[in-house]
Amino acid sequence: MGESAVGAVFLEDILQLVQIARKEDGGWKLEKFVQEKFPHKFRLLTLSDDARFGDLKEMVQGVLGRDSWAENTSVAIDHELLFVKETSVDPGLPEDEKKKQILWESQQFLPENLSGDYKVSFAGINADDTFVVLVLFRKLVLERIQQILQGAGKTFGFMDVDTFSAMTAIEKLFDPKGRLVGLADVRKKAVQLTFLKDGNYFRSREVKFADSEEDVFESDQNLANLLNKEINRLLLDAEIHESDSPVSQLYVFGERAASELVSALEGGPSLEVKLADPFKSIKIEEDLQSAVDKIENPANWLIGFGAALQLLG
């Protein structure tokens, strides 16, 4: 048996676990997956309350304790729990000075009295690292996840943003082509657009629905119109002309992702629109196939696949 890893997804209401193994030929194989509803929302209010967190920890550890899940586990969390910002950096600075500039930039996004509660992660997103993406997250979130996994006897690989785990899944399972590639995470109350340029993170934009708009965007056509409008707006803000660098592919995933939405998006600024169903891009254990066939929305599992694949390299 090859190396196995678990991708755990902590979204607002649900826990997803995906276990993937590396095959001898270098490919991947899905070994197991499960989804459970949290007893409380995975938000700071729950993590800050010992009683609520205790309920959540007991539930997650119970799921991990069943069915002999692999030890190595990474966690992707909802981007709502983090700040994700892009900023520029002087490429001529020495490495230690560059880090100081990045840390200073990160502090501009936080109230002074909260800066000690946060940790900062960053990565270059272009060839010469003149442009970086900052991820700022509360130490409490990391500490609580570590408590959950350690109590379950698991090895904590790392914590990632849901968006970046989805990017990993797209890269490894779908082999995207073209200079500009889009990802659309479509949820009941919001859409998150992320773009890759030359294979690297480029820009993102989130649009949240007001309560009065939720009924309007239940229509796939209305939702597609919104997505295409926001794609055009993002391209305009980035000073990218559609004729010069069109969106070669748009991958749609999330709880509202469906073939009807993909069809409604066709003819917009994206040359090709695809439903990002990770189950169709990986070998599946025979005893899992019937369970996979019953999944109502397979594109809602993309993030978990990406979290596991990051550990497998």
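Residue 140 in my numbering sits at position 140 of the sequence shown, and the numbers go up by one each step.
Glycine is no exception: its CB is placed at the ideal position from the N, C-alpha and C atoms.
Just so it is clear, the structure is predicted and the values come from calculations on it, not from any experiment.
Practice task
Report the three-state DSSP secondary structure of residue 228 (helix, strand or coil).
Solution key: DSSP places residue 228 in helix when its eight states are reduced to three.
Problem - Counterpart residues of residue 20 in DSSP-defined beta bridges - result: 5, 30
Exercise for the section: Confirm, please, whether the CB-CB distance from residue 135 to residue 121 is below 7 Å. Expected result: yes
Practice task
Identify whether residue 190 lies in helix, strand or coil by the three-state DSSP scheme.
Solution key: strand
Exercise for the section: In the DSSP assignment, find the unbroken beta strand (DSSP E) run with residue 249 in it and report its ends. Expected result: 247-253
Practice task
Kindly list the residues whose CB is nearer than 6 Å to the CB of residue 1, restricted to its own chain and excluding five residues on each side of it in sequence; keep chain order.
Solution key: With a pLDDT of 46 at residue 1, under the threshold of 50, the modelled position of that residue is not reliable, and the figure given next carries that caveat. Answer for residue 1: no residue qualifies.
Practice task
Note the first and the last residue of the continuous alpha helix (DSSP H) segment covering residue 51.
Solution key: Where residue 51 is concerned, the enclosing alpha helix (DSSP H) stretches over 50-65.
Practice task
Name the residue from 28, 25, 4, 32 whose alpha carbon lies nearest to the alpha carbon of residue 16.
Solution key: 32
Problem - Identity of the residue in 11, 14, 20 nearest residue 311 by Cα - result: Just measuring C-alpha positions, the residue of 11, 14, 20 sitting nearest residue 311 is 20.
Exercise for the section: Take the Cβ of residue 203 as the centre, count every other Cβ of all protein chains shown within 10 Å, and call the residue buried at 16 or more, exposed below. Expected result: buried
Handout entry: C-beta atoms of residue 165 and residue 303 nearer than 7 Å
Key = yes
Exercise for the section: At 3 residues or longer, and completely inside the region 61-105: list those beta strand (DSSP E) runs for me, N to C. Expected result: For the region 61-105, the continuous beta strand (DSSP E) assignments of 3+ residues that do not extend past its boundaries occur at 72-77, 82-88, in sequence order.
Practice task
Could you tell me whether the Cβ atoms of residue 186 and residue 138 are closer together than 7 Å?
Solution key: no
Problem - Where the beta strand (DSSP E) through residue 314 begins and ends - result: Nothing can be reported for residue 314, as the shown portion of the chain is limited to 1 through 313.
Handout entry: Chain-order list of residues whose beta-carbon lies under 8 Å from that of residue 260 (same chain, five-residue window excluded)
Key = 220
Exercise for the section: Would you mind sorting residue 293 into buried or exposed? The rule is 16 or more other CB atoms within 10 Å of its CB. Expected result: exposed
Practice task
Would you tell me roughly how many angstroms separate the C-alpha atoms of residue 11 and residue 291, rounded to the nearest one?
Solution key: 22 Å
Exercise for the section: In angstroms with no decimal places, state the Cα-to-Cα distance between residue 197 and residue 177. Expected result: Our two residues, residue 197 and residue 177, have alpha carbons roughly 11 Å apart in a direct line.
Handout entry: Same chain only: Cβ atoms within 7 Å of residue 65, ignoring 5 sequence neighbours per side
Key = 152
Handout entry: Cutoff 7 Å; reference residue 266; Cβ partners in own chain excluding five residues on either side
Key = Taken in chain order, the residues that qualify are 273.
Problem - Length of the line joining the Cα atoms of residue 278 and residue 175 - result: 12 Å
Practice task
Let me know the secondary structure DSSP gives residue 217 once reduced to three states.
Solution key: helix
Practice task
Would you list the one or two residues that DSSP bridges to residue 42?
Solution key: Looking at the DSSP assignment, residue 42 forms no beta bridge with any residue, so it has no partner.
Problem - CA-to-CA distance, residue 89 to residue 148, given in whole angstroms - result: Residue 148 and residue 89: Cα-Cα distance of roughly 36 Å.
Practice task
Please check the pair residue 167 and residue 75, which I expect to be a contact at CB under 8 Å, by giving their CB distance rounded to whole angstroms.
Solution key: Between residue 167 and residue 75 a beta carbon distance of about 16 Å is seen, past the 8 Å cut, so the two are scored as non-contacting.
Exercise for the section: Work out the CA separation of residue 191 and residue 107 for me, nearest whole Å. Expected result: 27 Å
Problem - Backbone secondary structure at residue 300 - three-state DSSP - result: helix
Handout entry: Member of 286, 280, 287, 288 whose CA lies at the smallest distance from the CA of residue 298
Key = 280
Handout entry: DSSP beta-bridge partners of residue 136
Key = 83, 120
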